[in-house]
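Undergrad:
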Amino acid sequence: MSELVIPRFGELLSPYISQVPPEITPRFLALLERGAASRYRGWAEMLPEHAEGLMKCSEAEDEIANRIEGAFHLDESLREKLEAPLPGALDTYYEVFAQFSVWDQLRIQANAERQGAGAWQRIAGTHPDPQVIEVLNSCSALELESADYMDALIEAHAPDRVSN
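What follows is the structure in structure tokens.
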């Protein structure tokens, strides 16, 4: 089994994020949140006894994406630039998890949620619109709620990590 290394997702995904015009970067991050929602749905299938909590995390990821999409207008002429790097970014994100057990995948995702919370806070720290800042802060809070859930789930099932 491979050693668990938690990547810095911002650095890992920067080759893709940098392809997106800065004014729509939050919209690109929202698409990545939808990718994380999909991961949670997969984990819910793998761990049906924890499906309810994992599905709540999936719903939180989709809610973050919805809030960001509502707060950041997309000029439709930029849609292709928004979506073009997405397949590579999602492949890179999913590849991080491929070699690990489901419990180690959850551990990585919990950390990724905390990194995501920090990313929304950094964007909020430079944004001029108080209403958008409020949205970004609410997204950060949702990320942290999912991270806390995952940490508690992992802690409660630490013996399972050895066997899965």
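Each residue of the sequence shown is one higher than the one before, counting from 2 in my numbering. Just so it is clear, CB atoms sit at the ideal spot from N, CA and C, and this is done for glycine as well.
1. Measuring alpha carbon to alpha carbon, tell me which of 116, 35, 73 and 50 ends up nearest residue 23.
2. Classify residue 9 as helix, strand or coil using the three-state DSSP reduction.
3. Tell me the rounded alpha-carbon separation between residue 108 and residue 35.
4. Give me, in chain order, the residues of the same chain whose beta-carbon lies closer than 6 Å to that of residue 65; leave out the 5 immediate sequence neighbours on both sides.
5. Starting from residue 24, trace the alpha helix (DSSP H) both ways and give me its first and last residue.
6. What does the alpha-carbon distance come out to for the pair residue 25 and residue 40?
7. Since residue 31 contacts residue 69 with CB under 8 Å, what's their CB separation in whole angstroms?
8. Between 134, 38 and 119, which lies nearest to residue 95 when the distance is taken from Cα to Cα?
9. Is the distance from the Cβ of residue 54 to the Cβ of residue 150 below 8 Å?
10. What's the gap between the Cα of residue 154 and the Cα of residue 131?
11. Per DSSP, what kind of secondary structure is residue 32 in: helix, strand or coil?
12. Alpha helix (DSSP H) containing residue 154: first to last residue?
13. Which of the three DSSP states, helix, strand or coil, is assigned to residue 4?
14. Between the Cα of residue 67 and the Cα atoms of 51, 28, 13 and 21, which residue gives the shortest distance?
TA: In short:
1. 73
2. coil
3. 19 Å
4. 34, 140 and 143
5. Here residue 24 belongs to no alpha helix (DSSP H), and DSSP marks it neither H nor E.
6. 24 Å
7. 4 Å
8. 38
9. yes
10. 35 Å
11. helix
12. 131-157
13. coil
14. 28
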